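Read the structure below first, then the notes.
Numbering (my numbering), first residue to last: 191 to 468.
Quick look at the structure:
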């Protein structure tokens, strides 16, 4: 059984408060083995996307894990080139087939793109109505994207998955989403390995709590009410990344990590990212 606490989304369903992401994990043996390892370690939220190209391997691992499908919270995403009302349905069916399941727990619009995210989201609303998904949401939406979406659609997103880490803590968007009942989910929660985890603040806190810098950061996310989806293909780190529930950061130490913020984006800006990854 998993010991990861569950949080309730705005439509009443529960989601694990930490998940396992498979961005840049190769389809085939790598993603298959990694997802099995994550499930064995206790993860029950698996986050993939059409553009990752590994939905088939994820689906195969879920099936072979022996864990009942209803105990796993599965997320996938609508890619930019598939945006549009009718094309979103087609893309969803392709994802279902690759994943080998008849529903997903969470379906997300991957990026706002230029001008089709409202009609794409309306397709997600219909999928929710048809019970092909249990929750719907968005990724990489700025406040202005959310404002337009909320004005033109009926269902408030359950999730906004965004780049969020100590160097870009996204406080304004976090506050906006919290006030509207939208759960914030962090991708790249450990700075994607692009930044050194040996920052003095993190090293000092690591020594103080007897935890790794990664565990310190993931605990910071958890205490901020942010759902993090760290990615690793190393079994020891997969386990380490959910061993964060036996300690608590003090308010002062939380503030120390807050103070690392530089509004430093390590990936694409949603306002300029239209077609592919930078």
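Just so it is clear, CB atoms sit at the ideal spot from N, CA and C, and this is done for glycine as well. Being a predicted model, the structure only gives us computed values, none of them experimental.
Item	Value
7 Å Cβ shell around residue 455 - same chain, five flanking residues per side excluded	353 and 358
Cβ separation of residue 228 and residue 285, assumed to be a contact under 8 Å, to the nearest whole Å	Their Cβ separation, rounded to whole angstroms, is 19 Å, which puts residue 228 and residue 285 out of contact at 8 Å.
Beta-carbon proximity list for residue 322, same chain, < 6 Å, skipping 5 on both sides	293
Inter-residue spacing [alpha-carbon to alpha-carbon] between residue 212 and residue 438	27 Å
First through last residue of the beta strand (DSSP E) which encompasses residue 373	373 to 377
Backbone secondary structure at residue 468 - three-state DSSP	With a pLDDT of only 38 at residue 468, under 50, the local geometry of the prediction cannot be trusted, and the value read off the model is given with reservation. Coil.
Start-end ranges of the beta strand (DSSP E) lying completely within the segment 247 to 324, minimum 3 residues	263 to 268 and 296 to 299
Beta-bridge partners of residue 198, as assigned by DSSP	204
Residue 316 versus residue 299: straight-line alpha-carbon distance, rounded	14 Å
Beta-carbon proximity of residue 201 to residue 372, cut-off 8 Å	no
Buried or exposed by the 16-neighbour rule on C-beta atoms within 10 Å, applied to residue 416	buried
Buried or exposed (CB count within 10 angstroms, at least 16 for buried), residue 360	buried
Inter-stretch contact (C-beta, 8 Å, three-pair minimum) for the segment 245 to 263 and the segment 274 to 289	yes
Status (buried if at least 16 other CB within 10 Å, exposed otherwise) for residue 467	In this prediction, residue 467 scores a pLDDT of 45, lower than 50, which makes its location untrustworthy; no coordinate-derived value is stated.
Uninterrupted alpha helix (DSSP H) stretches inside the segment 424 to 463 (no shorter than 4 residues)	425 to 430 and 441 to 448
Candidates 262, 333 and 400, of which the one nearest residue 234 by Cα	262
With 16 other Cβ atoms within 10 Å as the buried cut-off, status of residue 260	exposed
Anticipated Cβ contact below 8 Å, residue 356 with residue 330, distance rounded	Incorrect: roughly 19 Å between the Cβ atoms, too far for contact.
Status (buried if at least 16 other CB within 10 Å, exposed otherwise) for residue 365	exposed
Same chain, Cβ closer than 8 Å to residue 249, neighbours up to 5 away in sequence not counted	288, 289, 290 and 291
Cα-Cα separation, residue 252 to residue 314	23 Å
Residue 360 - DSSP class collapsed to helix/strand/coil	coil
Own chain residues within Cβ distance below 6 Å of residue 376, not counting five before or after	354, 411, 416 and 418
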